[in-house]
Structure formats: C-alpha cells, structure tokens
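The working numbering numbers the first residue of the sequence shown as 20 and each following residue consecutively.
C-beta: ideal position from N, C-alpha, C; glycine also.
The structure under discussion appears below in the form of structure tokens.
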Amino acid sequence: MMEIIGFLGAGSMAEAIVSGLLKQKVYAPEQIVVTNRSNRERLREWQSRYGIQPETDVAALLRRCSHLILAVKPKDMPDAMAAIRPHLRKEHTLLSVAAGISTGWLEDRCGQAIPVVRTMPNTPAAVGFSATAACLGKYAGEAEKRWTEKVFQAIGTLVWVEEAQMDAVTAVAGSGPAYFFAMVETLEQAAREQGLPPEVARLLSRQTFIGAARLLAESGEEAAVLREKVTSPGGTTAAGLARMAQRGFHEAVREAVQAAAQRSRELGQSSVKRLRK
Numbered sequence: 020m021m022e023i024i025g026f027l028g029a030g031s032m033a034e035a036i037v038s039g040l041l042k043q044k045v046y047a048p049e050q051i052v053v054t055n056r057s058n059r060e061r062l063r064e065w066q067s068r069y070g071i072q073p074e075t076d077v078a079a080l081l082r083r084c085s086h087l088i089l090a091v092k093p094k095d096m097p098d099a100m101a102a103i104r105p106h107l108r109k110e111h112t113l114l115s116v117a118a119g120i121s122t123g124w125l126e127d128r129c130g131q132a133i134p135v136v137r138t139m140p141n142t143p144a145a146v147g148f149s150a151t152a153a154c155l156g157k158y159a160g161e162a163e164k165r166w167t168e169k170v171f172q173a174i175g176t177l178v179w180v181e182e183a184q185m186d187a188v189t190a191v192a193g194s195g196p197a198y199f200f201a202m203v204e205t206l207e208q209a210a211r212e213q214g215l216p217p218e219v220a221r222l223l224s225r226q227t228f229i230g231a232a233r234l235l236a237e238s239g240e241e242a243a244v245l246r247e248k249v250t251s252p253g254g255t256t257a258a259g260l261a262r263m264a265q266r267g268f269h270e271a272v273r274e275a276v277q278a279a280a281q282r283s284r285e286l287g288q289s290s291v292k293r294l295r296k
C-alpha cells in the first residue's frame with residue numbers, strides 16, 4: 020500500500036518541506052496530501068506547482084494519510100488538534116513543526132496513544148539546507164524516528180535533542196536564518212554608505228556570507244579559528260571586530276537568543292491557556 024503523508028497547513032514551512040521532499044524524490048506528488056483552514060487558492064497553487072493532492076476536508080485527509088505533519092502556527096494549534104482528534108486512528112503518526120508546543124501537550128489532545136514527534140526545522144529546508152532538531156514523544160519509537168530522519172535528512176541535517184532543549188533550538192536554528200539575513204542587510208547598507216553602488220554592495224555582501232558559510236562547512240575548522248585566520252593584528256578586520264565588540268555585538272546576539280527562547284516558552288504556555296478557556 021502506498022504511503023501517504025499529509026500536511027495540515029500550507030504556509031512557508033510546509034512549502035519548504037514539500038519542496039525538499041519532492042526535489043529529493045523521497046515522496047512522489049501523489050503521495051502528498053495538503054489541506055489548510057481557509058485558503059483554497061493556496062491549495063490550487065500548490066496543486067499546479069507541485070502536483071500534490073489538495074484536500075478541503077480534515078476527516079478525508081486523515082482517512083488518506085498515515086503520517087500527518089502539523090504545519091500550523093502555535094496560536095492555531097488548539098483549533099487544529101480539536102479538528103483532527105475525532106478522526107485519529109492508532110495507525111497515525113503526528114509530527115509538529117510548531118514552536119513552543121510540547122509532545123505531552125499534543126499527546127493529551129489526541130484522546131488515545133498516538134506517536135508524536137516534535138521538530139524545529141528552518142526555512143533553508145526549501146533549498147535542502149535545513150538545520151532541524153527533533154525529539155520523540157512517549158508513544159513514539161524507532162519506526163517514527165526512522166521516518167522523521169527520512170523526511171528531514173532529505174532537506175538538510177537532523178539532530179536529536181532532549182525536549183527540554185527545544186526552546187533553545189527554536190531560538191538558534193528556527194530564528195537563526197533571520198539573524199543571518201539581518202546581518203547581510205546591515206552589511207549591505209553599510210557598504211552603500213561607504214560609497215559602493217547598490218548592486219555592488221548587494222553582490223559583495225551576499226557572496227561574502229555565502230563564501231564564509233561554505234568555508235566553515237567544508238574546512239572542518241571552528242568558527243573562532245577561521246576568524247583568527249582572517250584577522251591580522253592592527254589590520255582592517257581587527258579594527259572592525261573591535262568596534263563590533265565595543266558596540267555590544269556579542270551581547271546583542273546572546274540577548275536575541277535568550278529573547279527568542281523565552282518567546283518559544285511563552286507560545287507553548289499561551290496555547291495551553293487558550294485551550295483551557
């Protein structure tokens with residue numbers, strides 16, 4: 020029997036995962052069924068672009084799939100779980116990509132012993148470079164672990180962590196691409212302020228980050244070692260790094276991660292409170 024994977028939600032993360040799975044031929048288009056809450060035009064776009072199967076009814080979606088990826092926003096998770104609960108079967112596996120939502124919270128809303136996997140991928144999944152962390156719920160085992168690895172290793176790297184570490188993972192890997200884009204954006208602006216034409220500033224800033232990331236990935240050396248290699252005492256790089264430190268660069272990054280981790284915890288707590296109302 021052909022394995023069917025379902026997606027509840029058709030946002031940017033769901034699209035990144037679908038795109039990666041199809042590019043890597045982990046699933047064929049006819050093995051992917053997608054629904055969302057209200058945007059039917061979005062489903063038609065996906066059907067045209069990817070050849071996937073759109074579905075407008077949650078009950079029908081769950082009848083068709085054995086594995087369901089919950090790709091809704093944390094604030095929408097209580098409604099999503101209420102919608103799928105009457106249609107769950109013991110053969111189902113649920114995988115969540117929502118920040119701050121624990122496996123225990125999801126298990127409590129299933130009404131029966133359903134395997135649950137919690138993940139935190141990031142948007143580079145769309146180009147096969149996601150950094151994803153995952154943890155298993157109490158009913159999930161080796162079969163669910165292997166399936167999760169099949170999905171996420173096709174779109175990047177996957178690491179297994181303790182669930183208590185997932186808020187930190189969200190702050191680093193989930194939010195990390197935005198920190199990177201903000202840095203590129205700022206460097207581009209600074210280059211223009213130094214008199215470089217906009218297109219030159221754009222090209223140099225982007226290619227510098229792409230090249231540095233690739234060097235870090237392929238050299239096998241620590242980031243600190245590579246930084247030291249490009250920094251000559253008394254040179255231009257040393258002057259720039261000194262000013263960054265003086266202006267609180269390192270503290271700003273640490274505080275950004277702390278703030279994102281705290282927000283991840285708050286999202287989980289607010290979801291629980293909303294369901295109890």
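- Of the candidates L80, G30, T256 and K157, the residue whose Cα lies closest to the Cα of V136 is K157.
- Secondary structure at A232: helix, using DSSP grouped into helix, strand and coil.
- Between G25 and V52 the beta-carbon gap is near 5 Å, inside 8 Å, which marks them as a contact.
- Contact between the region 165-184 and the region 139-147 is present: three or more C-beta pairs spanning the two stretches fall below 8 Å.
- Between A152 and V116, the C-beta gap is not smaller than 7 Å, which leaves the two residues out of contact.
- Rounded to whole angstroms, the separation of the alpha carbons of L260 and L235 is 18 Å.
- Residue pairing by DSSP puts A152 in a beta bridge opposite M139 and V178.
- Bridge partners of I51 according to DSSP: I24.
- Short of 8 Å from the beta carbon of Q50, and not among the five residues preceding or following it, lie these beta carbons of its own chain, in chain order: M21, E22, I23 and I24.
- The continuous alpha helix (DSSP H) containing S67 extends over residues R59 to Y69.
- Assigned with DSSP and collapsed to three states, I120 falls in coil, not helix or strand.
- Here the C-alpha atom of A257 lies approximately 14 Å from the C-alpha atom of R266.
- Sixteen is the threshold: since fewer than 16 other Cβ atoms of the shown chains lie within 10 Å of the Cβ of I229, the residue is exposed.
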